[in-house]
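Residue numbering for the sequence shown is 481 to 769, as defined by my numbering. We put the CB at the ideal spot given by N, CA and C, even for glycine. Please read all numbers here as calculations on a predicted model, not as lab measurements.
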Amino acid sequence: MSDRWPSGARVACLITVALEGELGILAADPSAVTRQKSLSVGRYGTNRGAERLLTVLAERGLRSSWFLQARNAETHSRLTAEVIAAGHEIATSGLALEDFGTLSLADQHRCVVEARERIEQQHGVRAVGFRPGRGDAHPALADLLRADGFTWSSQLRGDDLPITLPCGLVELPHHHELDDAAYFAFNLDPALPAGSPRIAPVGDVFANWSIEFSAHRAEGLLFVLDLHPELIGTPSRAAMLGDLLDLIVDSWVATGDEIARWWLANNPAGPLPADHPIAVFERYVTEPR
Numbered sequence: 481m482s483d484r485w486p487s488g489a490r491v492a493c494l495i496t497v498a499l500e501g502e503l504g505i506l507a508a509d510p511s512a513v514t515r516q517k518s519l520s521v522g523r524y525g526t527n528r529g530a531e532r533l534l535t536v537l538a539e540r541g542l543r544s545s546w547f548l549q550a551r552n553a554e555t556h557s558r559l560t561a562e563v564i565a566a567g568h569e570i571a572t573s574g575l576a577l578e579d580f581g582t583l584s585l586a587d588q589h590r591c592v593v594e595a596r597e598r599i600e601q602q603h604g605v606r607a608v609g610f611r612p613g614r615g616d617a618h619p620a621l622a623d624l625l626r627a628d629g630f631t632w633s634s635q636l637r638g639d640d641l642p643i644t645l646p647c648g649l650v651e652l653p654h655h656h657e658l659d660d661a662a663y664f665a666f667n668l669d670p671a672l673p674a675g676s677p678r679i680a681p682v683g684d685v686f687a688n689w690s691i692e693f694s695a696h697r698a699e700g701l702l703f704v705l706d707l708h709p710e711l712i713g714t715p716s717r718a719a720m721l722g723d724l725l726d727l728i729v730d731s732w733v734a735t736g737d738e739i740a741r742w743w744l745a746n747n748p749a750g751p752l753p754a755d756h757p758i759a760v761f762e763r764y765v766t767e768p769r
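See the structure below:
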């Protein structure tokens, strides 16, 4: 697989960060607006976790892609400016973590475009990457975003290599096992939402992610980490993340836009095979039943 990635790299790595803060709580339950203890879980990410994550990345000279909502880019303007000044890519996940599954195609498109405009107006950078913070995006949204100048999205899980969609947008798939929320998210008291996950030991997560990276490297795949500052940004977890990044630092670690542009240049757009998960999904939501 030495010819799949630039300079003979065996694996490509994308580090994505969802800067959600309080919106991560409020999007799940708007009534939590008065629950200060609950909201403080999200605030930890913007007050402390994001700074620690930026330090871990800076110490290794690694760049990442941060998904911001327009509201957080404005509310946490100084933090957003620090992320940009450190050389990280700014992508968007909408206005305020809307559930895309409840929106029409037109409203989904409006949310993404308006979010990009507000972020650009505030910070002078133009997002070209997208991931819905909640819910599923309509399959036709990709065509609209590509026409608007977006280069990539990262929302589906049906592959472990980039997918060049017919419209030219590059999908960078991600998976639950490389999402810190699957290991470290814990229900609040009272539970939000219902259920009671257990917090995984930090060492176990390092072992899992190390094995995942080795397997991705062996097959020459795309390794996508999904991080949330309020979860990964505690002292022990940030230290664990640093140990993991020490393993991947010699790989091709790039932003979503860089990976998408390279992939598109080397894997032109074309029809997806009929049995590809994305093609199957598009038929499911568009064909009359």
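Based on DSSP bridge pairs, tell me the residues matched to Trp732.
According to DSSP, which records beta bridges pairwise, Trp732 is partnered with Ala492.
For Ser584: DSSP bridge partner residues
Here Ser584 is not bridged, per DSSP, to any residue.
Just mark Asn552 as buried or exposed, buried being the case when its beta carbon has 16 or more other beta carbons within 10 Å.
Buried, since its Cβ has 16 or more Cβ neighbours within 10 Å.
Using beta-carbon positions only, say whether Leu548 and Ile570 come within less than 8 Å of one another.
yes
Roughly how many angstroms lie between the CA atoms of Val704 and Asp684, to the nearest whole one?
18 Å
Start-to-end residues for the alpha helix (DSSP H) that takes in Trp546
No alpha helix (DSSP H) holds Trp546; the beta strand (DSSP E) holding it covers Ser545 to Leu548.
What separation, rounded to the nearest whole angstrom, lies between the Cα atoms of Val513 and Ala507?
10 Å
8 Å contact criterion, which Ser573 and Ala498 should meet: CB distance rounded:
7 Å
Kindly indicate which residue of Ala680, Leu585, His556 and Val682 has the alpha-carbon position closest to the one of Asp623.
Checking every option, the nearest Cα to that of Asp623 belongs to Leu585.
Nearest candidate by alpha-carbon position, reference Leu771, set Glu600, Arg598, Pro612 and Glu651
Given that the chain is displayed from residue 481 to residue 769, the structure contains no residue 771 and the question cannot be resolved.
Using DSSP bridges, identify the partner residues of Thr633.
Rather than Thr, the amino acid found at residue 633 in this sequence is Ser. Beta-bridge pairing links Ser633 to Phe610 and Glu651.
Is Phe703 helix, strand or coil by DSSP?
The DSSP-derived three-state label of Phe703 is strand.
Per the contact definition of three or more C-beta pairs closer than 8 Å, is the region 529-540 in contact with the region 647-659?
no
Which of the three DSSP states is assigned to Thr644 in this structure?
strand
Classify Thr572 as helix, strand or coil using the three-state DSSP reduction.
strand
To the nearest angstrom, report how far apart Val592 and Asn688 are at their CA atoms.
One C-alpha to the other measures close to 34 Å.
Would Leu519 and Glu502 be called neighbours here (beta carbons separated by less than 8 Å)?
yes
Beta strand (DSSP E) runs contained entirely in the region 500-549, provided each spans 3 or more residues
545-548
If I measure Cβ to Cβ from His603 and keep anything under 8 Å in the same chain, skipping five residues before and after, which residues do I get?
Ala553, Ser557, Thr560, Ala561, Ile564 and Ile570
Quick one: using the 10 Å Cβ neighbour count with 16 as the cut-off for buried, is Arg626 buried or exposed?
Counting Cβ neighbours within 10 Å, Arg626 comes out buried, since at least 16 surround it.
Whole angstroms are fine: how far does the CA of Leu636 sit from the CA of Thr644?
13 Å
Asp623 - containing alpha helix (DSSP H), residue span:
Leu621 to Ala627
By Cβ distance, which residues of its chain are closer than 6 Å to Leu707, with the 5 residues on each side in sequence left out?
Val497 and Asp660
Identified DSSP bridge partners for Asp659:
By DSSP's assignment, Asp659 forms a beta bridge with Asp706.
Return the residue from the list Leu721, Ala734 and Leu701 that minimises the CA-CA distance to Asp483.
Leu701
Where Ala617 sits in the DSSP three-state scheme:
Looking at Ala617 - three-state DSSP - the assignment turns out to be coil, as it is neither helix nor strand.
Can you tell me where the alpha helix (DSSP H) holding Thr560 begins and where it ends?
Ser557 to Ala565
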